[in-house]
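A quick write-up on the structure given underneath.
In UniProt numbering, the protein residues as written are 1 to 282.
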């Protein structure tokens, strides 16, 4: 939004709960400052709250937008200690089919979020499924709304050069069918489903053994992840799966795929599959 706003009277800042993330430099490159709270557990909370108060008093925001559960709680806290009574908006970008699949601390934060969800002026979901499931869990429905995902066709588009570059990097030919999944590891994102489907395809299609490769890109979507390690003990499957780990050049990767898959069973059905659409169909 900031990149495409041109000369705008809106001034934006980003506050990270922990340290500078991988996109901090990109954010600052478009003129948006990134401030870090350096949260490192309960013992650092007093210092974090004090720093958050200093930052909000310095910036004097009219609107504070949270991003996912921990960020939403922080946004509400910032709104209470900021001067000027700013509006508060929460951003929720996942569905909630089974809270037991979340990490223990995340479950606690979700439960706390439900209890204080009357506080924000707006709760923004990226799907009607996400909204209904969170409201069934106890999230307030009064100020909720759904805003669908948007994607930049200037980044996600057919790119023959990127396709060739990816295949050169992976040392595979143009004739090899490349089936991919781009997602950080999370039980709801279905990397195990992707690997089981790969095994099944190799079993039932003799040609796949020679002409198909499977690609996974995303943080912790690697053979050394204990949750996935058992699949890579199958040497036949391991020979056909390429794991790139976390990458920043996702448009180039999707442009190099023949088939982009969505195996997520707990996110919005289109959240994952939409990204390669411009690369495949425009």
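Using N, Cα and C, we set each Cβ at its ideal position, and we do this for glycine too.
Report back the beta-carbon spacing between residue 253 and residue 182 to the nearest angstrom; my notes put them in contact at under 8 Å.
As a first step, residue 253 must be located in the chain shown, where it is residue number 253. As a first step, residue 182 must be located in the chain shown, where it is residue number 182. Going by Cβ atoms, the distance from residue 253 to residue 182 rounds to 6 Å, so yes, they are a contact pair.
In the DSSP assignment, the beta strand (DSSP E) including residue 283 goes from what residue to what residue?
Because the chain spans 1 through 282 in this model, residue 283 falls outside it and cannot be assessed.
Who does residue 286 pair with in a DSSP beta bridge?
Examination of residue 286 is not possible in this model, given that the chain is present from 1 through 282 alone.
To which residues of the same chain is residue 133 closer than 8 Å at the C-beta, ignoring the five residues directly before and after it?
Residue 133 sits at position 133 when you count from the first residue of the chain shown. Excluding residues within five positions, the ones whose Cβ falls inside 8 Å are 95, 96 and 97.
Within 8 Å, do at least three Cβ pairs link the region 236-248 to the region 206-225?
Yes, since at least three Cβ pairs between the region 206-225 and the region 236-248 fall closer than 8 Å, the two stretches touch.
Looking at the secondary structure, which residues open and close the alpha helix (DSSP H) in which residue 32 lies?
The count along the chain shown starts at 1 and reaches residue 32 at position 32. Note, residue 32: premise wrong, no alpha helix (DSSP H); not H, not E.
Would you kindly report the start and end of the unbroken alpha helix (DSSP H) that includes residue 45?
As a first step, residue 45 is located in the chain shown; it is residue number 45 there, counting from the start. From DSSP, the alpha helix (DSSP H) with residue 45 extends over 45-59.
Spell out the partners DSSP gives residue 16 in its beta bridges.
Here residue 16 refers to the residue found at position 16 of the chain shown. 36.
Could you tell me whether the Cβ of residue 125 comes closer than 9 Å to any Cβ of chain D?
No chain D is part of this structure, which consists of one protein chain only.
What's the C-alpha gap between residue 85 and residue 124?
Counting from 1 along the chain shown, the entry for residue 85 is found at position 85. Counting from 1 along the chain shown, the entry for residue 124 is found at position 124. C-alpha separation (whole angstroms): 20 Å.
Use the C-beta contact count for residue 180: other C-beta atoms within 10 angstroms, 16 or more gives buried, fewer gives exposed.
In the chain shown, counting from the first residue as 1, residue 180 sits at position 180. Buried, by the Cβ-count rule.
Pick helix, strand or coil for residue 96, following the three-state DSSP scheme.
Taking the chain shown and counting its residues from 1, one reaches residue 96 at position 96. In the structure shown, residue 96 sits in coil (DSSP, three-state: anything other than H, G, I, E or B).
Are residue 141 and residue 255 touching if we call contact CB-CB under 9 Å?
Counted from its first residue, the chain shown places residue 141 at position 141. Counted from its first residue, the chain shown places residue 255 at position 255. No, these two residues do not count as a Cβ contact at 9 Å.
Would you mind giving the Cβ-Cβ distance between residue 74 and residue 65, rounded to the nearest angstrom? I have them listed as a contact below 8 Å.
Translated into the one-based positions of the chain shown, residue 74 becomes position 74. Translated into the one-based positions of the chain shown, residue 65 becomes position 65. Rounded, the Cβ-Cβ distance is 11 Å, inconsistent with contact.
How would you call residue 236, buried or exposed, if buried means at least 16 neighbouring beta carbons within 10 angstroms?
Counting from one through the chain shown, the residue named residue 236 turns up at place 236. With fewer than 16 other Cβ atoms within 10 Å, it is exposed.
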